[in-house]
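There are 2 protein chains.
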Amino acid sequence: MATYKTRAQFVADDLRGRILGGEFQGGTQLRQDALASDYDVSRIPVREALLTLESEGLVEFHPHRGAFTTELSVARIRELFELRILLETHTLRRAIDCLTDADLKKAEDILEKYDKALDSGGEIGNWSEYNFAFHHALYAPSELPETLAIISQLNTKSDRYIRMQLLYTQEIEKAEREHHGLLELARRGDVEQACELLKTHIQEACEGIVAVLEERTTLTEQC
Amino acid sequence: MATYKTRAQFVADDLRGRILGGEFQGGTQLRQDALASDYDVSRIPVREALLTLESEGLVEFHPHRGAFTTELSVARIRELFELRILLETHTLRRAIDCLTDADLKKAEDILEKYDKALDSGGEIGNWSEYNFAFHHALYAPSELPETLAIISQLNTKSDRYIRMQLLYTQEIEKAEREHHGLLELARRGDVEQACELLKTHIQEACEGIVAVLEERTTLTEQC
DNA sequence: TCATTGTAGTTTGTATACAATGTGCAAAAC
DNA sequence: GTTTTGCACATTGTATACAAACTACAATGA
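Shown next as structure tokens:
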């Protein structure tokens, strides 16, 4: 049953993970032939997978030249996070208004699992998933599917940079504390403070990433 | 030179137009074979075109069952337009801050062409293009490419409903007047008023569409 | 020397052919 | 009569094969 519906979907899911995991430098060409033999499929499902990833902004197609992983400039990263603030506070505001106990419980459960995973050795691998799952649980009650889809899209795009940041800095605990704070404010129905915290939560993550990126570029310039 | 780079792109562009033009009811299955013979290509480029349209939200894929045109509920349309207000006012705010004379001229030119086209017989066919071109011209100076991409995506999704509304009501002139007002406020650098006008401009379009949709559903229920 | 053109090789794009899955109807079982 | 099973057909998904486009490098000419 672990078998995927279609090969194209399988390739898309796996390749997404590889890109987000940092296996490819930004701007790397993804040769269809190589990927096809990697996954032991023909180039057709590979092409379809690449098209899917293009729509997610992880890859760019140039006609007759192929697919390349995208690279975000610092300006674009800032833009992405600014959009996240705009959309996520908007959604949180709505969600808090119609938050049920069951919704809170769900978010709490995710946070708890996540705490345990952290204690028993810092598995960074699926941190992003946990992170988004928690945020999503908080936003879901808003019942704004189109908005959630865009938020998810923005998170995917910024994901690999978040991972990179976590690799260099130890901000997981801080994020974790902020998540607990967020949950508590949501429980109390304090919309304004919750949105304010969410805003700084996202903003500081952005600044962290930018700092790491700029350090790295000055480093490579020195070499 | 009107020849497209790839067949897949050509099919995607043409099919998008057909869907937005209202040729298919919401929920219609798009048979790959039929489309392939329509365009005199194989099913491969058709599939790729459908994947592209899926990423734009015009079509939905169900594995092994095919692609269907999407249908938006009233709630989703409202959500879409609310997102547009949020993102477009945000972008307009930024754009006005760094608006040059050249930018204003561009927007003005579009508006002018558009006026002429209106006078010489109400060609509704490419009204949407003009409309978006004008909005885009206003937002472009903000230099927020990711945001503009999402705005464009939201506009595409709501496009066919806008066309439907225009078909039933005669709101083009009203929209036109509001566009002139928007341009004038932008020229004066009056951010607050411009955003306020933009907000009502989008809001009223939404209400118009919802009204038409609800009228149509009560009509079909009577039959 | 530098720019231009031509050509071989590589890679992408698409057509054709086949495999896998889903759908609908008819016959059988209850 | 209703439900279930099985099979034929239709449609999608994928492999293979071929055509078209791009790249890089060498040869030619100014």
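As given, the protein sequences belong to chains A and B, one line each in that order. At position 84 of the first sequence the residue is numbered 84 (the numbering used here), and the sequence of numbers has no breaks. Position in the second sequence (from 1) plus 223 gives the number in the numbering used here. C-beta: ideal position from N, C-alpha, C; glycine also.
C-beta contact flag for residue i and residue j at 9 Å
| i | j | result |
| --- | --- | --- |
| Ser-142 (chain A) | Thr-91 (chain A) | yes |
| His-402 (chain B) | Phe-357 (chain B) | yes |
| Glu-79 (chain A) | Leu-377 (chain B) | no |
| Ala-298 (chain B) | Ala-330 (chain B) | no |
| Thr-292 (chain B) | Gly-244 (chain B) | no |
| Arg-307 (chain B) | Ser-260 (chain B) | no |
| Leu-104 (chain A) | Ala-186 (chain A) | yes |
| Tyr-362 (chain B) | Ile-373 (chain B) | no |
| Ile-19 (chain A) | Leu-53 (chain A) | yes |
Minimum C-alpha distance to residue i - residue among the options
| i | options | result |
| --- | --- | --- |
| Gln-426 (chain B) | B:Ile-385, B:Arg-230, B:Lys-336 | B:Ile-385 |
| Asp-338 (chain B) | B:Asp-326, B:Lys-397, B:Ser-381 | B:Lys-397 |
| Tyr-353 (chain B) | B:Lys-422, B:Asp-263, B:Leu-274, B:Glu-399 | B:Glu-399 |
| Val-11 (chain A) | A:Leu-35, A:Ile-77, A:Cys-206 | A:Leu-35 |
| Ile-333 (chain B) | B:Ala-372, B:Leu-406, B:Ala-231 | B:Leu-406 |
| Arg-316 (chain B) | B:Arg-383, B:Arg-411, B:Val-435 | B:Arg-411 |
| Ile-319 (chain B) | B:Asp-237, B:Cys-418, B:Leu-436 | B:Cys-418 |
| Leu-148 (chain A) | A:Leu-167, A:Leu-86, A:Arg-160 | A:Leu-86 |
| Tyr-447 (chain B) | B:Lys-336, B:Arg-383, B:Asp-237, B:Arg-288 | Missing from the structure shown is residue 447 (chain B); chain B here goes from 224 to 446 and no further. |
| Arg-288 (chain B) | A:Lys-5, A:Asn-126, A:Arg-160, A:Ala-117 | A:Lys-5 |
| Glu-294 (chain B) | B:Arg-383, B:Leu-390, B:Glu-335 | B:Arg-383 |
Nearest-angstrom Cα separation, counted from residue j out to residue i
| i | j | result |
| --- | --- | --- |
| Arg-47 (chain A) | Val-433 (chain B) | 39 Å |
| Glu-88 (chain A) | Glu-369 (chain B) | 16 Å |
| Phe-24 (chain A) | Phe-81 (chain A) | 22 Å |
| Glu-60 (chain A) | Gln-388 (chain B) | 35 Å |
| Ala-102 (chain A) | Asp-190 (chain A) | 18 Å |
| Arg-254 (chain B) | Leu-273 (chain B) | 10 Å |
| Ile-395 (chain B) | Leu-421 (chain B) | 15 Å |
| Ala-225 (chain B) | Ala-231 (chain B) | At Ala-225 (chain B) the pLDDT is 39, less than 50, meaning the model places this residue with poor confidence; the figure from the coordinates comes in the next sentence. Going by the C-alpha atoms only, they are around 15 Å apart. |
| Glu-215 (chain A) | Arg-266 (chain B) | 48 Å |
| His-424 (chain B) | Asp-119 (chain A) | 52 Å |
| Cys-446 (chain B) | Pro-268 (chain B) | The pLDDT assigned to Cys-446 (chain B) is 41, lower than 50, so where the model puts this residue is not dependable, and the model offers no usable value. |
| Gly-431 (chain B) | Gln-193 (chain A) | 36 Å |
| Gln-29 (chain A) | Arg-239 (chain B) | 29 Å |
| Thr-392 (chain B) | Ser-55 (chain A) | 34 Å |
| Leu-213 (chain A) | Val-435 (chain B) | 50 Å |
| Ser-296 (chain B) | Leu-167 (chain A) | 43 Å |
| Gly-181 (chain A) | His-62 (chain A) | 45 Å |
| Trp-350 (chain B) | Thr-379 (chain B) | 13 Å |
| Ala-340 (chain B) | Val-41 (chain A) | 52 Å |
| Glu-112 (chain A) | Leu-281 (chain B) | 39 Å |
| Ala-67 (chain A) | Cys-98 (chain A) | 43 Å |
| Asp-33 (chain A) | Asp-256 (chain B) | 27 Å |
Residues that residue i contacts on chain B, provided the C-beta gap is smaller than 7 Å
| i | result |
| --- | --- |
| Leu-80 (chain A) | Glu-369 |
| Arg-43 (chain A) | In chain order: nothing, as chain B lies at least about 10 Å away. |
Residue i: contacting residues in chain A (beta-carbon distance under 9 Å)
| i | result |
| --- | --- |
| Lys-329 (chain B) | Residues of chain A passing the Cβ test: none, with the nearest at roughly 22 Å. |
Cross-chain neighbours of residue i in chain B, by beta carbon under 8 Å
| i | result |
| --- | --- |
| Thr-156 (chain A) | By Cβ distance, chain B contributes nothing, its closest Cβ being about 13 Å from Thr-156 (chain A), past 8 Å. |
| His-90 (chain A) | Leu-309 |
| Thr-52 (chain A) | Leu-274, Ser-278 |
Chain-ordered neighbours of residue i on chain B, where CB pairs are closer than 9 Å
| i | result |
| --- | --- |
| His-136 (chain A) | Those do not exist, as His-136 (chain A) stays about 17 Å from chain B at its closest Cβ, beyond 9 Å. |
| Leu-83 (chain A) | Leu-310, His-313, Leu-367, Glu-369, Thr-370, Ile-373 |
Chain A contact residues for residue i, given Cβ-Cβ distances below 8 Å
| i | result |
| --- | --- |
| Pro-286 (chain B) | Lys-5, Thr-6, Gln-9 |
| Glu-271 (chain B) | Arg-47, Glu-48, Leu-51 |
| Arg-299 (chain B) | Pro-145, Glu-146 |
Amino acids of chain A, ordered along the chain, whose beta-carbon sits closer than 7 Å to that of residue i
| i | result |
| --- | --- |
| Gln-400 (chain B) | It should be noted that the sequence gives Arg, not Gln, for residue 400 (chain B). Going along chain A, no residue has its Cβ under 7 Å from Arg-400 (chain B), so there is no contact; the nearest lies around 29 Å. |
**Q.** Secondary structure, alpha helix (DSSP H): runs of 4+ residues fully inside the stretch 269-320 of chain B
**A.** 297-320
Q. What residue ranges within the stretch 137-196 of chain A form continuous alpha helix (DSSP H) runs of no fewer than 4 residues, ordered along the chain?
A. 145-168, 172-188
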